[in-house]
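Asker: Residue numbers (this note's numbering): 170 to 487. Ideal Cβ positions, reconstructed from N, Cα and C, are used throughout, including at glycine.
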């Protein structure tokens, strides 16, 4: 990739105005090296029908964000928003990040370096670069969070922090907007990219800090709902790609049933029985540990959601 690169950073957003401001500020202060192959960049923000004043704020603060171009759609989910962003993008290389991700100053240059190295190594552009995502609950200073073992991701293609030539996205057919609920639309596109022979090149220097509010017990109903949605979308993923690999990803195996069934004592450890322990951990400042323990019943809800949706699908097909 000795040729000049123009980046389009595509960001779907929905009701995330406070953290979106930090996300966009970080993208305005990018440091490109004098010999950089990056000719320039734009930030394509697609507002997915926000109701928190995001659009008005973007329009009235346009001068603060010279790289930003704003598009809007009625609330249709991140898959449709990213597709619109790709269609409107002027760049030859797309970088996907989420609107709650705050990147470092060398973020774009790091992806550019990895793209150059990848092209030299593989002799083609049949690959994408995947940066590091570090989870943080520190709103005031998100980039101060250290890397944790729980930040490791084994995903092939995830839209939290990835750079890819635009023409491969178009060839693969963009995101499937049938994924209207939470989860899997990026990994499903990843399967199609893998089928086109694309390789994943890790780019740990391109760091993004993924902010989410500290865990508290009021979030539990919403988290459970997300796991059930993720189960339903997982079955849609499996319908499109009925492979063992996808079954493993969506937790639709006897192994996952056994694992989360055993860990949750077949549902005895749930949001009600674990509430006092979770509240105590949060009260002593261990909200991250509380969230990890809550994953015991959250994963059990996910596995049950997968099998419920799968049996409904088979019943309809019968």
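Between the stretch 251 to 271 and the stretch 171 to 189, do at least 3 Cβ pairs fall closer than 8 Å?
Answerer: Segments in contact, yes.
Asker: Helix, strand or coil for residue 456, going by three-state DSSP, please let me know.
Answerer: Three-state DSSP puts residue 456 in a helix.
Asker: Determine the direct distance from the alpha carbon of residue 453 to that of residue 345, and round the result to whole angstroms.
Answerer: One C-alpha to the other measures close to 43 Å.
Asker: Kindly indicate the opening and closing residues of the beta strand (DSSP E) around residue 347.
Answerer: No beta strand (DSSP E) holds residue 347; DSSP gives it neither H nor E.
Asker: Inspect the beta-carbon positions of residue 429 and residue 472 and report whether they are closer than 7 Å.
Answerer: Yes, these two residues count as a Cβ contact at 7 Å.
Asker: Indicate the three-state DSSP secondary structure (helix, strand or coil) for residue 365 in the structure shown.
Answerer: DSSP places residue 365 in coil when its eight states are reduced to three.
Asker: Expressed to the nearest angstrom, what Euclidean distance is found between the alpha-carbon atoms of residue 253 and residue 229?
Answerer: Cα-Cα distance, rounded: 22 Å.
Asker: Taking only the alpha-carbon atoms, compute the straight-line gap between residue 394 and residue 485 and give it to the nearest angstrom.
Answerer: Answer to the nearest angstrom: the Cα atoms are 23 Å apart.
Asker: Is it buried or exposed, residue 418, if we count other Cβ atoms within 10 angstroms and call 16 or more buried?
Answerer: Result: buried.
Asker: Starting from the C-beta of residue 461, find all residues in its chain whose C-beta is less than 8 Å away, skip the five residues before and the five after it, and write them out in chain order.
Answerer: Same-chain partners within the cutoff: 319.
Asker: Quick check: the Cα distance between residue 475 and residue 175, rounded to an integer number of angstroms?
Answerer: If you take the alpha carbons of residue 475 and residue 175, they lie about 41 Å apart.
Asker: Just the C-alpha distance for residue 361 and residue 408, rounded to the nearest angstrom, thanks.
Answerer: C-alpha separation (whole angstroms): 14 Å.
Asker: Reducing DSSP to helix, strand and coil, say where residue 182 ends up.
Answerer: Of the three classes helix, strand and coil, the one that applies to residue 182 here is strand, per DSSP.
Asker: By the three-class DSSP mapping on this structure, what secondary structure does residue 229 have?
Answerer: Helix at residue 229.
Asker: Inspect the beta-carbon positions of residue 377 and residue 206 and report whether they are closer than 7 Å.
Answerer: No, these two residues do not count as a Cβ contact at 7 Å.
Asker: So the alpha helix (DSSP H) residue 431 belongs to, where does it begin and stop?
Answerer: It spans 423 to 432 - the alpha helix (DSSP H) in which residue 431 sits, taken as one unbroken run.
Asker: Would you please state the rounded distance, in angstroms, between the beta carbons of residue 516 and residue 389? I believe it to be under 8 Å.
Answerer: Given that the chain is displayed from residue 170 to residue 487, the structure contains no residue 516 and the question cannot be resolved.
Asker: Could you compute how far the alpha carbon of residue 456 sits from the alpha carbon of residue 342?
Answerer: For residue 456 and residue 342, the distance between alpha carbons rounds to 40 Å.
Asker: Measuring alpha carbon to alpha carbon, tell me which of 387, 262, 434, 405 ends up nearest residue 354.
Answerer: With distances taken between Cα atoms, residue 354 lies closest to 405.
Asker: Determine the burial state of residue 441: buried for a count of at least 16 other Cβ atoms within 10 Å of its Cβ, exposed for fewer.
Answerer: The residue in question, residue 441, is exposed, as its Cβ has fewer than 16 Cβ neighbours within 10 Å.
Asker: Buried or exposed: which applies to residue 315, given that a residue is buried once 16 or more other Cβ atoms fall within 10 Å of its Cβ?
Answerer: Classification of residue 315: exposed, given that the 10 Å Cβ count is below 16.
Asker: By alpha-carbon positions, which one of 290, 323, 443 ends up nearest to residue 302?
Answerer: Taking only the C-alpha atoms, the option nearest residue 302 is 323.
Asker: Mind checking residue 313: buried by the 16 CB within 10 Å criterion, or exposed?
Answerer: Result: exposed.
Asker: For residue 226 and residue 238, I'd like the C-alpha separation in whole angstroms.
Answerer: Computed Cα separation, rounded: 13 Å.
Asker: Tell me the DSSP secondary structure of residue 353 in three-state form.
Answerer: Note: residue 353 maps to coil in three-state DSSP.
Asker: Starting from residue 407 and walking both ways along the alpha helix (DSSP H), at which residues does that stretch end?
Answerer: Unbroken alpha helix (DSSP H) run through residue 407: 389 to 409.
Asker: Can you tell me the Cβ-Cβ gap for residue 248 and residue 370, rounded? I've got them flagged as a contact below 8 Å.
Answerer: Rounded, the Cβ-Cβ distance is 24 Å, inconsistent with contact.
Asker: For the 8 Å Cβ check, are there 3 or more pairs between the stretch 379 to 389 and the stretch 292 to 309?
Answerer: In short, these stretches touch, since the Cβ pair count reaches three.
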